[in-house]
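Residue numbers (my numbering): 16 to 304.
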């Protein structure tokens with residue numbers, strides 16, 4: 016038995032609850048791809064809060080605490096300003112709200128690039144403070160030494176190639192990558208280097224489809240596509256984009272709902288009832304006995 020947390024929806028509190036260990040593990044995720052094939056694609060979504068994790072957890076194999084929280088939660092212009100504190104706190108909430116999925120936490124910009132030793136300090140802190148199972152970092156061949164350093168010291172690493180948002184200032188924007196032969200070869204080479212370094216999975220983001228397929232065929236670990244190809248070994252989306260929380264989303268996002276409109280219309284009904292004094296009504300009031 017192990018102590019996990021169950022979110023009590025009547026109080027919105029996360030209470031320690033004895034549960035059998037049901038959570039998937041990194042080796043089980045890695046083993047989903049055997050002999051170059053993944054029979055059932057891996058499902059990954061982003062999560063930033065305990066309640067969000069609780070709702071997504073039964074349907075996912077992995078929950079990614081993405082540095083996309085910079086834009087989604089904090090309204091920042093990019094992922095660059097995201098801090099270690101932000102990532103650790105949100106990852107801890109997601110761990111408390113889940114019991115099934117492997118929780119992966121993004122390493123924020125500046126927390127791992129300087130040296131493998133610096134990356135280990137940052138990754139160890141994130142896992143200690145959050146309880147997450149693995150970290151994700153961006154970059155290809157240049158980060159292979161760091162990935163190997165972390166894996167050898169007991170820290171599972173998910174790689175990330177193609178469009179790497181933390182490098183937006185170098186890339187010059189968020190356009191699809193791999194359109195030139197040189198860039199395509201580099202992306203495939205980057206993925207191979209991460210695979211050989213011991214990454215248990217690799218996110219392939221914002222690349223033209225033939226390159227995503229080539230990467231998937233070239234590496235032994237699972238690939239997780241986002242703006243890539245259905246032939247990747249799994250898929251990930253930013254949950255808030257998928258739910259329709261924002262009007263403008265990347266081309267590769269499919270909006271499965273229009274939650275933003277639901278929230279706006281509900282808030283409008285609430286505001287109208289407050290202003291005409293119909294809320295609170297008899298059912299929401301305490302009367303003398």
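Glycine included, every Cβ here is placed at the ideal spot set by N, Cα and C.
The segment 252-282 is shown to contain no whole beta strand (DSSP E) run of 3 or more residues. Here residue 148 carries a coil assignment [DSSP, helix/strand/coil]. Between residue 62 and residue 113, the CB-CB gap stays under 9 angstroms. Residue range 196-212 is occupied by the alpha helix (DSSP H) that includes residue 204, with no beta strand (DSSP E) assigned at that position. Membership of residue 231 in the alpha helix (DSSP H) is indicated by the continuous run 224-233.
In terms of Cα proximity to residue 56, the closest of 231, 174, 99, 104 is 231.
In this structure the segment 203-221 touches the segment 35-53; the number of beta carbon pairs closer than 8 angstroms is three or more.
Taking a C-beta distance under 9 angstroms as the contact criterion, residue 255 and residue 87 qualify as a contact pair.
Nearest to residue 279 by alpha-carbon distance, out of 260, 69, 301, 179, is 260. Residue environment: residue 235 is assigned as exposed (fewer than 16 neighbouring CB atoms within 10 Å of its CB, all protein chains considered). Take the alpha-carbon of residue 105 and the one of residue 303: they are about 43 angstroms apart. About 5 angstroms separates the Cβ atoms of residue 150 and residue 138, confirming a contact at the 8 angstroms cut-off.
When the Cα atoms are used, residue 81 and residue 294 turn out to be separated by approximately 38 angstroms. When the Cα atoms are used, residue 221 and residue 292 turn out to be separated by approximately 50 angstroms. Residue ranges of uninterrupted beta strand (DSSP E) with 3 or more members, entirely inside the segment 31-78 and ordered along the chain, are 57-61. In this structure, the beta-carbon distance from residue 174 to residue 204 does not fall below 9 angstroms. Taking 9 angstroms as the cut-off, the beta carbon of residue 77 is found no closer than this to the beta carbon of residue 257.
Comparing alpha carbon positions, the residue from 98, 253, 226, 168 closest to residue 198 is 226. DSSP links residue 81 through a beta bridge to no other residue. Looking only at 169, 158, 162, the smallest Cα-Cα distance to residue 143 is reached by 169. Secondary structure note for residue 216: it is in no alpha helix (DSSP H), and the uninterrupted beta strand (DSSP E) holding it is 216-220. In the structure shown, residue 302 falls within a coil segment according to DSSP collapsed to helix, strand and coil. Sorting 115, 202, 121, 98 by C-alpha distance to the C-alpha of residue 37 places 115 at the top.
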